[in-house]
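Peer 1: Going down the list, the sequences are from chains A and B.
The first sequence lines up with residues 1 to 348 when you count with our numbering.
The second sequence lines up with residues 1001 to 1446 when you count with our numbering.
Virtual Cβ for every residue (Gly too), placed ideally from N, Cα, C.
These figures come from a predicted structure and were not determined experimentally.
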Amino acid sequence: MSTIETSGKAAGPVGDTSSAGPRNVSPDLMAMRRRDQRRKWSEIALFTSPALILFALFVVFPVASAARYSLYKWNGVKKFSEAEFIGFENYTRALWGGNDPATQQAFKTAYSEPFWQAVGHNVLIIVASMAIQLPLALIIALILNRKFPGRSIVRVIIFAPYVISEVIAGVMWFIIFDPYGIATKFVESIGLSAPDGGWFESQTWGIWTVFFVVTWKYLGLAIILFLAGLSGVPQELQEAASIDGASWWQVQRRINIPLIGPTIRIWVFLSLIGSIQLFDMVWVLNRGGTQGQYATIATFMMQFGYFRKDVGFGSAVAVIMFLISLLVAVGYMLTVLRRDNDNSEVAR
Amino acid sequence: MAHMRRMAAIAALAASSALVLAACTSPSEDPTSGPTDTGSNSEPVTLTWWHNAVAGDNGENPLGDLWQSVADEFTADHPNVTIEIEQIQNEDLQRTRIPTALQSGDAPDIFQQWGGGELAAQVEAGYLMDLTGPLADTISSLGGAVAPWQTAGSTYGIPFQFGVEGIWYRKSLFEQAGITGEPATMAELGDAVNKLKAADIVPIAVGAGDKWPAAHWWYNFALRSCSKDVLQASGTSFDFSDACWVQAGKDLEEFIGTEPFQPDFTSTVAQTGATSSAGMVATGTAAMELMGHWNAFVYDGFMETDEDKAALSADLGWFPMPATASGAGDPTAALGGGDGFSCYIDAPAVCADFLAYIASADVQKRFAAEVGGLPVNPEAADSVTNENLKELAAVAGNAGYVQLWLDTTYGPNVGGAMNDGIVAIFGGSGDAQGVVDGMTAAAVVQ
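Okay, structure coming up:
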């Protein structure tokens, strides 16, 4: 996305100059301008083509391939040329169980319901991220923004989970949340009991346990981003407010939080996309659960497209996920982030 | 104007990348392979061999060592043949490496083959060498064990190991609970479960977190509720409309209702760590586990010293899965599975000779004696030393018929849907009909 936008912007002024060109200028000057133009374009081509070729090879081509595979019934074993074209059936099966009355019920239970269950989990993680992670990270960042001994150590510790490999962190939490593990012992020691079926396997609590792990993993990023934003807020503003009698909380609410708005909005954007595409942690934690208790669209896709070798269906799910991400990303850019982009251009 | 030029540049770029891609994806012939007939002449040939024998945690790899010496002996006898071995972890090999290599048109000459639906799909796509003619003698010497590697009357793989599953149990825990004999009927199994619970011992461990160990319980109920004809026809017709399939789920629901398993069983994996189902049996927390022949060695892996291993081995017993009181199935039928090898369609003809050597009595005897495996060649049967494996082999030999693991029979799609449906019964979120629905849906799209 961003590549397309940038290239679009870069082309803008060029178009303006060429259309303004022919007025009251000598042919020599025009020839010179044309040469300049040519040089400019050859430079652009020279410098962007390696990146564009890579982008086309590793992003555009796979996306287009997935879109193509999604229209076929293909098991990934036989040659694709022998695969059967079935139109949008893979999509309809995922969305409402397909249009064939004879098999609709079967597809509904086996394909459509788990798909929507996974979509629901992604939505829940998005909502919970905004409702829980955002305020939590903000409060911690505001507290850590003050000078106190050992501040940098605390910052490193908070950021540590984000740096740890996803697989290592996943295995660690899987062991901690084993039904016979330390988490169970802990809640039992305070007189509670662990969820029925196990922490991750519980139909009710599974997704929340995963959300806890994901929060542990990614909260550090939010805090560090917010702290970076806070360090850009001019000290004088806060001091002036304090002198005028503003309380610590008033300084945060009226000065710090509004001024790191752009940072918060960028984090929300990253979090949205990350939540839609959430895969690795969920996969390491036993592949989304034995009954998809905490499956996401991405793990659902992996289960069907890769392990069941229904490559066509898996591709259809991938395309759906791509479209959701695209819609959310473009929508967010055009609405919420537009303000920040405009501001930054004015500032420039 | 600028816009037009940009479009042109993008179009040119797209065209050039399309050319690059076309060059990348055009089917390329492997120069080293091809339908060469180099079985007996002296033209040098190289066989690439992918198998799943990788070193364990302790660094030992008896099976890998055996395969290496088998390859060395074969090349000594055939000086024109070179064998290049690649050892690849089982799941990587089966799920990623082999399918990708077959797609690419540059597959290894010899590779691991688990038989059933996966083999049938590979045959249909034209990837496997037909061994029916070249290995007629070997195939007849192995008898019925080759069946999972056959499709439509032709043989496309040669097994080196095959075993049936049953219930492994700890004799000392049975004694402690006052159980005198091995359960032979479901009622006796139920009795044993109750006695063990009374003695505060987990009756049966199941690694439902890995799905397939839970699914095997359903397979066994299906083996009893469905007639041999229905079961065997389903492998090719994928018709699950017979009421026996739903009945299998109902029998399972009833059995789960008696609470024979450890608590939180969908959080338990099969083989990793002391809290796994195998770990629970090895450490004496649980008394029984339904598993294949390989579990003798899985249990061993939890023991530190040779003495502990010997003590555990002496305390382990095995009995076949009891038959249900009713159902159209053969009460003596057993479920089983094994490992074999296939030759790629373009492999040199000498590949088949090498498979025959692997299945020969000599190599099979060493497979039993040195690796502790369960050979398929009847001449090697005497080389099995483990008492439980001997009993297991006898049960397999006397079985009315041996049905290949159902997930292997149906292939990854229907098999995966079946396992997902079954584990949903275990977890309480699915029912007997759900399993059949899932299989029916997957059968349409596979």
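Please classify B:Gly1059 as buried or exposed, where buried requires at least 16 other C-beta atoms within 10 Å of its C-beta.
Peer 2: Numbered from 1 along the second sequence, position 59 holds the residue referred to as residue 1059 of chain B. Result: exposed.
Peer 1: Anyone know if the C-beta pair for A:Tyr162 and A:Gly220 falls short of 8 Å?
Peer 2: Here residue 162 of chain A is taken as the residue at index 162 of the first sequence, counted from 1. Here residue 220 of chain A is taken as the residue at index 220 of the first sequence, counted from 1. Going by C-beta atoms, A:Tyr162 is nearer than 8 Å to A:Gly220.
Peer 1: Answer yes or no: do B:Ala1296 and B:Glu1289 have a C-beta to C-beta separation smaller than 8 Å?
Peer 2: Translated into the one-based positions of the second sequence, residue 1296 of chain B becomes position 296. Translated into the one-based positions of the second sequence, residue 1289 of chain B becomes position 289. Against a cut-off of 8 Å, the Cβ pair of B:Glu1289 and B:Ala1296 comes out as no contact.
Peer 1: Would you report the Cα separation of A:Gln252 and A:Ile140, rounded to the nearest angstrom?
Peer 2: Taking the first residue of the first sequence as 1, we reach residue 252 of chain A at position 252. Taking the first residue of the first sequence as 1, we reach residue 140 of chain A at position 140. Going by the C-alpha atoms only, they are around 12 Å apart.
Peer 1: Specify whether the region 180-188 of chain A and the region 261-281 of chain A touch according to this definition: at least 3 beta carbon pairs, one from each stretch, less than 8 Å apart.
Peer 2: With a cut-off of 8 Å, the region 261-281 of chain A and the region 180-188 of chain A do not count as touching, because too few Cβ pairs lie within range.
Peer 1: Could you tell me which chain B residues have their CB closer than 7 Å to the CB of A:Asn286, listed as they occur along the chain?
Peer 2: Reading the first sequence from its first residue, position 286 is the one you call residue 286 of chain A. Per Cβ cutoff of 7 Å: Gly1209.
Peer 1: Closer than 7 Å, Cβ to any Cβ of chain B: which residues of the region 268-298 of chain A, in chain order?
Peer 2: Flagged, chain order: Asn286, Thr290, Gln291.
Peer 1: Between the Cα of B:Ile1083 and the Cα atoms of B:Gly1166, B:Pro1348, B:Gly1273, B:Thr1266, which residue gives the shortest distance?
Peer 2: Here residue 1083 of chain B is taken as the residue at index 83 of the second sequence, counted from 1. Nearest of B:Gly1166, B:Pro1348, B:Gly1273, B:Thr1266 to B:Ile1083, Cα basis: B:Pro1348.
Peer 1: When the cut-off is 8 Å and only beta carbons count, does B:Thr1440 lie next to chain A?
Peer 2: To locate residue 1440 of chain B, count along the second sequence from 1; it is residue 440. Yes, its Cβ sits closer than 8 Å to a Cβ of chain A.
Peer 1: Which residues bound the beta strand (DSSP E) around B:Arg1170?
Peer 2: One-based indexing of the second sequence puts residue 1170 of chain B at position 170. Start and end: 1166-1170.
Peer 1: Please list the partners that B:Thr1275 has in chain A, where partner means a Cβ-to-Cβ separation under 7 Å.
Peer 2: On the second sequence, residue 1275 of chain B is found 275 positions in, with the first residue counted as 1. What B:Thr1275 touches in chain A: Asp178, Tyr180.
Peer 1: Spell out whether any CB of chain A is found under 8 Å from the CB atom of B:Gly1181.
Peer 2: For the purposes of this step, residue 1181 of chain B is taken as the residue at position 181 of the second sequence. No, B:Gly1181 lies away from the interface with chain A (no Cβ there is under 8 Å from its Cβ).
Peer 1: Got a sec, what are the start and stop residues for the alpha helix (DSSP H) A:Gln293 sits in?
Peer 2: Walking along the first sequence from the start, residue 293 of chain A turns up at place 293. First-last for A:Gln293: undefined, no H or E at that position.
Peer 1: Identify the contact partners of B:Glu1124 in chain A, using a Cβ-Cβ distance below 7 Å as the criterion.
Peer 2: Within the second sequence, the letter at position 124 stands for residue 1124 of chain B. Residues of chain A passing the Cβ test: Lys78.
Peer 1: Quick check on A:Gln235: buried or exposed, where buried means 16 or more other Cβ atoms within 10 Å of its Cβ?
Peer 2: What you label residue 235 of chain A is simply residue 235 of the first sequence in a count that begins at 1. Per the 10 Å Cβ criterion, exposed.
Peer 1: If B:Gly1336 and B:Thr1408 are in contact, beta carbons under 8 Å, what's the gap, nearest whole angstrom?
Peer 2: Position 336 of the second sequence, counted from the start, is the residue given in the question as residue 1336 of chain B. Position 408 of the second sequence, counted from the start, is the residue given in the question as residue 1408 of chain B. About 10 Å; that fails the 8 Å criterion.
Peer 1: Taking 8 Å as the cut-off, does the region 1093-1106 of chain B touch the region 1064-1080 of chain B (at least 3 CB pairs, one atom from each stretch)?
Peer 2: Contact between the region 1064-1080 of chain B and the region 1093-1106 of chain B is absent, because fewer than three Cβ pairs lie under 8 Å.
Peer 1: Can you name the start and end residues of the alpha helix (DSSP H) that B:Asp1339 belongs to?
Peer 2: As a first step, residue 1339 of chain B must be located in the second sequence, where it is residue number 339. Unbroken run through B:Asp1339 is the beta strand (DSSP E), 1334-1343; no alpha helix (DSSP H).
Peer 1: B:Trp1218 and B:Leu1252 - do their beta-carbons sit closer together than 8 Å?
Peer 2: Here residue 1252 of chain B is taken as the residue at index 252 of the second sequence, counted from 1. Here residue 1218 of chain B is taken as the residue at index 218 of the second sequence, counted from 1. In this structure, B:Trp1218 lies closer than 8 Å to B:Leu1252 by Cβ.
Peer 1: Mind listing which residues of the region 93-109 of chain A have their C-beta closer than 7 Å to chain B's C-betas, in chain order?
Peer 2: Cβ contacts with chain B come from Thr103, Gln105, Ala106, Phe107, Thr109.
Peer 1: From A:Phe107 to B:Val1435, what distance separates their C-alpha atoms?
Peer 2: For the purposes of this step, residue 107 of chain A is taken as residue 107 along the first sequence, with counting starting at 1. For the purposes of this step, residue 1435 of chain B is taken as residue 435 along the second sequence, with counting starting at 1. Whole-angstrom Cα-Cα distance: 12 Å.
Peer 1: For B:Ile1110, is the classification buried or exposed, using 16 other Cβ atoms within 10 angstroms of its Cβ as the cut-off for buried?
Peer 2: As a position in the second sequence, residue 1110 of chain B is number 110, starting the count at 1. Counting Cβ neighbours within 10 Å, B:Ile1110 comes out buried, since at least 16 surround it.
Peer 1: Return the chain-ordered list of same chain residues with a C-beta closer than 7 Å to the C-beta of A:Gln238, the five sequence neighbours on each side being excluded.
Peer 2: Your numbering for residue 238 of chain A matches position 238 in the first sequence. Here the set comprises Val251, Ile255.
Peer 1: Would you kindly work out how many angstroms separate the C-alpha atoms of B:Asp1037 and B:Gly1126, rounded to a whole number?
Peer 2: One-based indexing of the second sequence puts residue 1037 of chain B at position 37. One-based indexing of the second sequence puts residue 1126 of chain B at position 126. At B:Asp1037, the pLDDT of 44 sits below 50, so the modelled position is not reliable; the number obtained from the coordinates is stated separately. Rounded to whole angstroms, B:Asp1037 to B:Gly1126 spans 19 Å at the Cα level.
Peer 1: Taking the alpha-carbon of B:Lys1250 as reference, which of B:His1051, B:Ala1205, B:Val1054, B:Ile1425 has the nearest alpha-carbon?
Peer 2: Here the question's residue 1250 of chain B lines up with position 250 in the second sequence. For the residues B:His1051, B:Ala1205, B:Val1054, B:Ile1425, the minimum Cα distance to B:Lys1250 belongs to B:Ile1425.
Peer 1: What does the Cβ neighbour count give for B:Glu1043, buried or exposed, with the cut at 16 atoms within 10 Å?
Peer 2: Taking the second sequence and counting its residues from 1, the one referred to as residue 1043 of chain B is at position 43. B:Glu1043 should be labelled exposed.
Peer 1: Strictly under 8 Å for the Cβ-Cβ distance: is B:Ala1023 near chain A by that measure?
Peer 2: The count along the second sequence starts at 1 and reaches residue 1023 of chain B at position 23. Residue confidence is low: B:Ala1023 scores 40 on pLDDT, short of 50, so the model does not pin down where it sits. No coordinate-derived value is stated.
Peer 1: Which residues in chain A have a C-beta closer than 8 Å to the C-beta of B:Arg1095? List them in chain order.
Peer 2: For this step, residue 1095 of chain B is matched to residue 95 along the second sequence. Going along chain A in sequence order, the residues near B:Arg1095 (Cβ under 8 Å) are Tyr306, Phe307.
Peer 1: From B:Gly972 to B:Leu1135, what distance separates their C-alpha atoms?
Peer 2: Within the shown structure, residues of chain B are numbered from 1001 to 1446, placing residue 972 of chain B beyond reach of any answer.
Peer 1: Please look up how many angstroms separate the CB atoms of A:Phe300 and A:Pro114, rounded, as I've assumed it's under 8 Å.
Peer 2: Taking the first residue of the first sequence as 1, we reach residue 300 of chain A at position 300. Taking the first residue of the first sequence as 1, we reach residue 114 of chain A at position 114. Going by Cβ atoms, the distance from A:Phe300 to A:Pro114 rounds to 6 Å, so yes, they are a contact pair.
Peer 1: Looking at C-alpha atoms only, which residue of B:Asp1362, B:Ala1399, B:Asp1264, B:His1051 is the closest neighbour of A:Gly198?
Peer 2: Looking up residue 198 of chain A in the first sequence gives position 198. A:Gly198 has its Cα closest to that of B:Asp1264, out of B:Asp1362, B:Ala1399, B:Asp1264, B:His1051.
Peer 1: Flag this pair as yes or no: are the beta carbons of A:Glu166 and A:Gly289 separated by less than 8 Å?
Peer 2: Indexing the first sequence from 1 puts residue 166 of chain A at position 166. Indexing the first sequence from 1 puts residue 289 of chain A at position 289. Cβ distance not < 8 Å, so A:Glu166 and A:Gly289 don't count as in contact.
Peer 1: Compute the Euclidean distance between the alpha carbons of B:Gly1400 and B:Ala1368, then round it to the nearest angstrom.
Peer 2: As a first step, residue 1400 of chain B is located in the second sequence; it is residue number 400 there, counting from the start. As a first step, residue 1368 of chain B is located in the second sequence; it is residue number 368 there, counting from the start. Approximately 25 Å between the Cα atoms of the pair.
Peer 1: How do the region 1133-1150 of chain B and the region 1346-1364 of chain B stand: do at least 3 beta-carbon pairs fall below 8 Å, yes or no?
Peer 2: These segments touch.
Peer 1: Here's a check: name, in chain order, each residue in its chain whose Cβ is nearer than 6 Å to the Cβ of A:Gly206, leaving out the five neighbours to either side.
Peer 2: Numbered from 1 along the first sequence, position 206 holds the residue referred to as residue 206 of chain A. Counting only Cβ-Cβ distances below 6 Å, and skipping sequence neighbours, we find Phe200, Gly289, Gln293, Tyr294.
Peer 1: Given that A:Tyr111 touches chain B, what residues does it touch there, using C-beta distances under 7 Å?
Peer 2: Here residue 111 of chain A corresponds to residue number 111 of the first sequence, with the count starting at 1. Those within 7 Å of A:Tyr111 in chain B are Ala1441.
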